[in-house]
Amino acid sequence: MTCILIHGLGQDASSWDNVKTLLGRDVETPDLFQLLKDKTCDYTNLLEAFSTYLNQFEDPLELCGLSLGGLLALDYAKSHPDKVRSLILIGIPHRVPQFLFRLQGILFHLMPEKSFTEIGTDKNSFITLMKSMQNLDILAHTQAIQCETLLLCGEKDKSNRKSLIPLSKAISNSKTILVPDAGHTVNTDNPPKLADIILNHFHAYQKI
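If you want it as structure tokens, here you go:
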């Protein structure tokens, strides 16, 4: 099995450092923006680059993605159901929150450039990516997912907690867990609990 931890928007691979240490096993933590190389930073190109990255692994995949990383993992599992052995999706919505996206777009325009370079991209690319995600149909083709799926959300992440029920109804063989003492960025808010959940989930389905 190859375990891949996929960071969220506004994060980079280092956001998983504490979780990686606690897992006590080799895991892959790609930097999403680096996968794009010279391509335009939109969701279609990012998913294509992410898929190319995952396709290099011969072993079955254990995917764990937060937010943007969770959406990418979900879309990959839809189109490559035979490659994904187990799936953990953290803090993803069941549909794109249009008002929130517009509000975030305004805030991102006001932020300094260095806020974006710290995560490996630039302001224009970041905003372009956000705009390209506004019309995603997150629940489309979820019936294609064959693997056991764990839906996580930080207990303080009120907006995404509401998505757990429609997501669990749309994705068969799924169950939900609220992570205590965590908001949206569960991987940095409560690394010990998240690492424990990841280990228990992946180990359980390695035995099936």
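Mapped onto this note's numbering, the consecutive letters of the sequence shown carry residue numbers 8 to 215.
Just so it is clear, CB atoms sit at the ideal spot from N, CA and C, and this is done for glycine as well.
C-alpha distance - E155 paired with Q141, whole-angstrom precision: Stepping through the sequence shown from its first residue, residue 155 is reached at position 148. Stepping through the sequence shown from its first residue, residue 141 is reached at position 134. Answer to the nearest angstrom: the Cα atoms are 28 Å apart.
Rounded Cβ spacing between F103 and I134 (contact assumed at less than 8 Å): Taking the sequence shown and counting its residues from 1, one reaches residue 103 at position 96. Taking the sequence shown and counting its residues from 1, one reaches residue 134 at position 127. It is Val, not Phe, that sits at residue 103 in the sequence shown. Actually they do not touch by this definition, with Cβ atoms about 15 Å apart.
In DSSP terms, what L73 is bridged to: Counting from one through the sequence shown, the residue named residue 73 turns up at place 66. L73 pairs with I97.
Cβ-based neighbour list, K163, same chain, cut-off 7 Å, excluding 5 preceding and 5 following: On the sequence shown, position 156 is the one that residue 163 refers to. Cβ within range, chain order: A189, G190.
Cβ-based neighbour list, V26, same chain, cut-off 8 Å, excluding 5 preceding and 5 following: Against the sequence shown, residue 26 aligns to sequence position 19. Here the set comprises L12, N194, P198, L201, A202, I205.
Euclidean distance between Cα positions of G17 and I126: For the purposes of this step, residue 17 is identified with residue 10 of the sequence shown, where counting begins at 1. For the purposes of this step, residue 126 is identified with residue 119 of the sequence shown, where counting begins at 1. Answer to the nearest angstrom: the Cα atoms are 7 Å apart.
Cutoff 7 Å: L157 Cβ touching any chain C Cβ: Looking for chain C here will not work: only one protein chain is present.
Whole-angstrom C-beta distance between H14 and L217, which should lie under 8 Å: Missing from the structure shown is residue 217; the chain here goes from 8 to 215 and no further.
The segment 32-42 touching the segment 55-74, judged by at least three CB pairs closer than 8 Å: yes
For P119 and V34, the rounded distance between their alpha carbons: On the sequence shown, position 27 is the one that residue 34 refers to. On the sequence shown, position 112 is the one that residue 119 refers to. Rounded to the nearest angstrom, the two C-alpha atoms are 33 Å apart.
CB of L70 within 7 Å of CB of A80, strictly: The sequence position of residue 70 within the sequence shown is 63, counting from 1. The sequence position of residue 80 within the sequence shown is 73, counting from 1. A contact, by the Cβ cut-off of 7 Å.
Exposed unless 16 or more other CB atoms sit within 10 angstroms - verdict on K90: Counted from its first residue, the sequence shown places residue 90 at position 83. Buried, because 16 or more other Cβ atoms sit within 10 Å of the Cβ of K90.
Pair within 7 Å by beta-carbon distance, L185 and C160: Counting from one through the sequence shown, the residue named residue 185 turns up at place 178. Counting from one through the sequence shown, the residue named residue 160 turns up at place 153. Yes, the pair counts as a contact, with Cβ atoms nearer than the cut-off.
Own chain, CB closer than 6 Å to A151, minus 5 neighbours either side, in chain order: For the purposes of this step, residue 151 is taken as residue 144 along the sequence shown, with counting starting at 1. Cβ within range, chain order: K85, P88.
Segment limits, alpha helix (DSSP H) that includes S175: By one-based count along the sequence shown, residue 175 stands at place 168. Element bounds for S175: 171-177.
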